[in-house]
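Peer 1:
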Amino acid sequence: MTARRNGFPEINFMMPLDPMIDDRNETPSSHEIIDIGIWDRSANIEAWKWFLGDLPADESSRLERLDVGGQVEGG
């Protein structure tokens, strides 16, 4: 998000390698994948708490801020 906001470096490709793409945990699937012991809802919530700490959520890798054209909403 910072690179897009500042206009550099130019991002030509992004490939998420981790299952952490959305910190909101509000999608139907986030409520369906529970208690599997690998990467489920509770693990995702805990990991986002570790990652974000006291940072505002808009500084995270928020999936809903990115449209298919790669434009970030809200700056």
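Those letters in the sequence shown? Residues 1 to 75, per full-length UniProt numbering, in order. All residues carry an ideal CB built from backbone N, CA and C; glycine is no exception. Since the model is a prediction, treat every value here as computed from it, not as a measurement.
Would you kindly work out how many angstroms separate the C-alpha atoms of Trp-39 and Glu-10, rounded to a whole number?
Peer 2: 31 Å
Peer 1: Rounded to the nearest angstrom, what separates Arg-24 and Ile-34 at their Cα positions?
Peer 2: 15 Å
Peer 1: For Glu-46 and Ile-36, I'd like the C-alpha separation in whole angstroms.
Peer 2: Taking the straight line joining both Cα atoms gives about 15 Å.
Peer 1: Relative to the C-alpha of Arg-41, which residue among Pro-28, Leu-52, Gly-53 is closest?
Peer 2: When each option's Cα is compared against that of Arg-41, the closest is Pro-28.
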